[in-house]
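There are 2 protein chains.
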Amino acid sequence: MSNRDIAATLAKGLDVLACFERRGQTLSMPDLVESSGFDRATVRRLCLTLEHCGYIERRGRGFGLAPRVLALAGGYLGHLAVGRRVQPVLRNAAEALDMEVALATRDRMQAIYVDRAAPASARVTLGLSVGSTLPLLHTAVGRMLLARSGPDVLARALDALGDVQHTEASEMAPDALRGKIDEARGQGYCIARNEFEPGAAGIAVPVGALGDAPFVLSTTASVNRFDDAAALDRVLDVLRHASISIGRIGEQP
Amino acid sequence: MSNRDIAATLAKGLDVLACFERRGQTLSMPDLVESSGFDRATVRRLCLTLEHCGYIERRGRGFGLAPRVLALAGGYLGHLAVGRRVQPVLRNAAEALDMEVALATRDRMQAIYVDRAAPASARVTLGLSVGSTLPLLHTAVGRMLLARSGPDVLARALDALGDVQHTEASEMAPDALRGKIDEARGQGYCIARNEFEPGAAGIAVPVGALGDAPFVLSTTASVNRFDDAAALDRVLDVLRHASISIGRIGEQP
DNA sequence: GTGTTTCGTGCGATTATCGCACATAATGCG
DNA sequence: CGCATTATGTGCGATAATCGCACGAAACAC
Numbered sequence: 000m001s002n003r004d005i006a007a008t009l010a011k012g013l014d015v016l017a018c019f020e021r022r023g024q025t026l027s028m029p030d031l032v033e034s035s036g037f038d039r040a041t042v043r044r045l046c047l048t049l050e051h052c053g054y055i056e057r058r059g060r061g062f063g064l065a066p067r068v069l070a071l072a073g074g075y076l077g078h079l080a081v082g083r084r085v086q087p088v089l090r091n092a093a094e095a096l097d098m099e100v101a102l103a104t105r106d107r108m109q110a111i112y113v114d115r116a117a118p119a120s121a122r123v124t125l126g127l128s129v130g131s132t133l134p135l136l137h138t139a140v141g142r143m144l145l146a147r148s149g150p151d152v153l154a155r156a157l158d159a160l161g162d163v164q165h166t167e168a169s170e171m172a173p174d175a176l177r178g179k180i181d182e183a184r185g186q187g188y189c190i191a192r193n194e195f196e197p198g199a200a201g202i203a204v205p206v207g208a209l210g211d212a213p214f215v216l217s218t219t220a221s222v223n224r225f226d227d228a229a230a231l232d233r234v235l236d237v238l239r240h241a242s243i244s245i246g247r248i249g250e251q252p
Numbered sequence: 000m001s002n003r004d005i006a007a008t009l010a011k012g013l014d015v016l017a018c019f020e021r022r023g024q025t026l027s028m029p030d031l032v033e034s035s036g037f038d039r040a041t042v043r044r045l046c047l048t049l050e051h052c053g054y055i056e057r058r059g060r061g062f063g064l065a066p067r068v069l070a071l072a073g074g075y076l077g078h079l080a081v082g083r084r085v086q087p088v089l090r091n092a093a094e095a096l097d098m099e100v101a102l103a104t105r106d107r108m109q110a111i112y113v114d115r116a117a118p119a120s121a122r123v124t125l126g127l128s129v130g131s132t133l134p135l136l137h138t139a140v141g142r143m144l145l146a147r148s149g150p151d152v153l154a155r156a157l158d159a160l161g162d163v164q165h166t167e168a169s170e171m172a173p174d175a176l177r178g179k180i181d182e183a184r185g186q187g188y189c190i191a192r193n194e195f196e197p198g199a200a201g202i203a204v205p206v207g208a209l210g211d212a213p214f215v216l217s218t219t220a221s222v223n224r225f226d227d228a229a230a231l232d233r234v235l236d237v238l239r240h241a242s243i244s245i246g247r248i249g250e251q252p
């Protein structure tokens with residue numbers, strides 16, 4: 000496959016569209032010019048096209064994502080039968096644990112929420128939704144996803160580690176990170192504490208068969224929630240039961 | 000704005016991407032050629048570009064949507080603060096009514112779910128998720144959205160009516176449809192029975208200020224659930240209370 | 001009011017795109 | 001298995017699309 004198989008204009012338009020992913024705020028044309036690196040006239044034409052096709056809409060002097068992007072997500076979620084097969088399981092697990100439970104997968108080099116459910120009793124939730132993203136290396140979700148992805152993905156994540164340390168407790172040594180991911184792979188779950196949010200712990204278990212696209216179920220709690228062995232067993236039991244209920248996701252190779 | 004402001008190659012690529020919205024199934028190259036109407040070589044290049052940029056992925060001999068489309072949806076949902084501001088309200092309303100409750104908006108000429116919540120007790124739900132779509136003219140959601148959109152939108156919907164009659168009870172006369180939408184606008188809610196699904200009734204109330212992008216809250220039940228005046232009042236009370244709790248959504252002009 | 005920033009657009013040189021035709025690979029059927 | 005049909009990958013160059021520059025106009029800030 001050579002470079003002439005890549006339609007440069009389409010790729011540029013998608014680059015501009017991608018500028019809107021962060022927090023979905025309204026972006027002005029100069030924001031987009033800076034963010035995309037393209038010439039102003041080019042950015043304008045690409046925006047007008049994205050608007051014409053329904054992916055962005057005018058907001059005052061700028062643009063923002065339009066509801067049409069939900070239709071794309073709906074296409075993906077429909078393929079996974081999320082509404083029918085996943086949501087009920089998440090809801091039951093959330094009630095059983097009295098904690099928010101989420102299904103996540105890997106989108107390029109980040110973890111991304113596919114769906115989530117909170118218990119009826121929840122007073123405060125994490126404020127996350129479909130499409131919310133988390134880092135791969137410093138969250139239980141991300142590490143469990145890496146444990147279920149090929150070694151090239153882990154290598155890429157470690158290569159791109161950079162020096163963003165989310166908290167004082169964030170592990171930054173590549174070998175130690177690799178060890179935690181190997182450990183997760185071996186024990187079939189992953190716990191991370193304080194590494195992404197101070198005072199918070201996350202736990203994740205895999206869903207589906209090894210070799211499938213990676214999916215994990217996760218929940219988040221205050222940092223010492225999983226310290227007691229019986230409590231940990233209880234959470235793992237519920238998450239694993241949910242994992243089995245969901246079974247394999249999407250089409251299998 | 001002339002035609003030279005529309006980047007034709009980008010538009011074509013987005014047309015190909017849009018082929019994947021329906022049910023999110025895996026599409027072969029010949030499926031896409033037929034569906035898009037473009038030449039095979041063109042479709043191939045556009046697919047390779049969409050794949051390269053992460054929006055679709057290989058599945059066997061075909062392609063399907065990739066998780067990246069969730070990131071776009073996440074951008075839009077983040078802008079609306081759905082996780083933080085909408086989800087808790089939906090969940091409370093779902094528990095209060097013991098029914099599934101959803102927030103929807105209008106995407107071009109269809110209603111589209113922004114978010115939804117089901118009560119903990121639910122045994123069966125509609126299987127819908129973020130991005131699930133409904134027709135505008137034959138659902139309470141759609142009619143309430145039309146009542147909150149400009150007259151050009153309603154005119155366009157009626158022009159595009161076609162002869163797809165979802166059920167025997169589907170209203171097909173343009174004037175009668177216009178009357179139902181006017182009625183919804185006047186009374187501040189909309190009920191539709193049996194017109195989209197036999198045996199099912201939907202009810203919808205608007206959210207936010209007139210003139211904003213249209214959003215509605217809705218619930219669906221068996222067809223006679225809203226026949227009793229006290230029951231209807233109860234449902235409307237909860238939905239309206241939720242509507243007020245959510246308040247205005249997104250940025251206001 | 002002035003100065004700065006942002007926006008819309010005509011223009012044509014350059015680049016990207018397109019579809020055709022060919023060869024190869026994969027699939028389905030008897 | 002062999003054959004027919006369907007699907008895929010790609011070189012090529014004519015054509016169409018794209019790009020960025022420069023100009024004028026509009027909007028915004030002080």
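If you read the sequences in order, they're chains A and B. First residue of the first sequence? That's 0 in numbering that gives the first Met the number 0, and the numbers climb one at a time after it. First residue of the second sequence? That's 0 in numbering that gives the first Met the number 0, and the numbers climb one at a time after it. Glycine included, each C-beta is placed from N, C-alpha and C at the ideal position.
For residue i, three-class secondary structure by DSSP
i	result
B:D114	strand
A:S221	strand
A:L157	helix
A:M0	Annotation note: pLDDT 49 at A:M0 (below 50); position unreliable, no value reported.
A:V100	strand
A:C46	helix
B:P205	strand
A:Q186	helix
B:V15	helix
A:L283	Residue 283 of chain A falls outside the range modelled here, since chain A spans only 0 to 252, and no answer is possible.
Residue i to residue j span [Cα, whole Å]
i	j	result
A:V234	A:H137	20 Å
A:R142	A:R192	12 Å
A:A117	B:N2	48 Å
A:L127	A:P134	14 Å
B:T8	A:G210	35 Å
B:A101	B:V204	11 Å
B:C18	A:G53	14 Å
A:D114	A:Q86	7 Å
A:L64	B:H240	28 Å
B:G249	A:P66	12 Å
A:F62	B:A228	44 Å
B:R247	B:V206	7 Å
B:F195	A:I111	33 Å
B:V32	B:D97	46 Å
B:D162	B:D106	21 Å
Beta-carbon contacts of residue i that lie in its chain and below 7 Å, excluding the five residues immediately before and after
i	result
B:F225	I190, A200, I202, L231, V234
B:L145	L135, V152, L153, A156, I180
B:I245	R84, V85, V88, V206
CB contact check: residue i to chain B, cutoff 8 Å
i	result
A:I243	no
A:A92	no
A:F195	no
A:G207	no
A:I253	There is simply no residue 253 of chain A to check, as chain A begins at 0 and stops at 252 in what is shown.
A:I248	no
A:Q86	yes
A:P134	no
A:A119	yes
A:G63	yes
A:F37	no
A:S221	no
Residue-chain proximity (residue i, chain A), Cβ-Cβ < 8 Å
i	result
B:L160	no
B:S34	no
B:V81	yes
B:S148	no
B:G126	yes
B:A95	no
B:C52	yes
B:Q186	no
B:E167	no
B:H78	yes
B:D114	yes
Same chain only: Cβ atoms within 8 Å of residue i, ignoring 5 sequence neighbours per side
i	result
A:G149	none
B:A159	M108
B:G12	L45, T48, L49
A:E56	E50, F62, G63, L64, A65
Beta-ladder partner(s) of residue i, from DSSP
i	result
B:G59	DSSP lists no partner for B:G59.
B:V85	Paired residues: none, contrary to the question.
B:A200	B:R192, B:A220
Cβ-heavy atom distance, residue i to the ligand SAM, below 7 Å
i	result
A:Q109	Inclusion of the ligand SAM in the displayed structure is not the case, the ligand content being empty and no account of it being possible.
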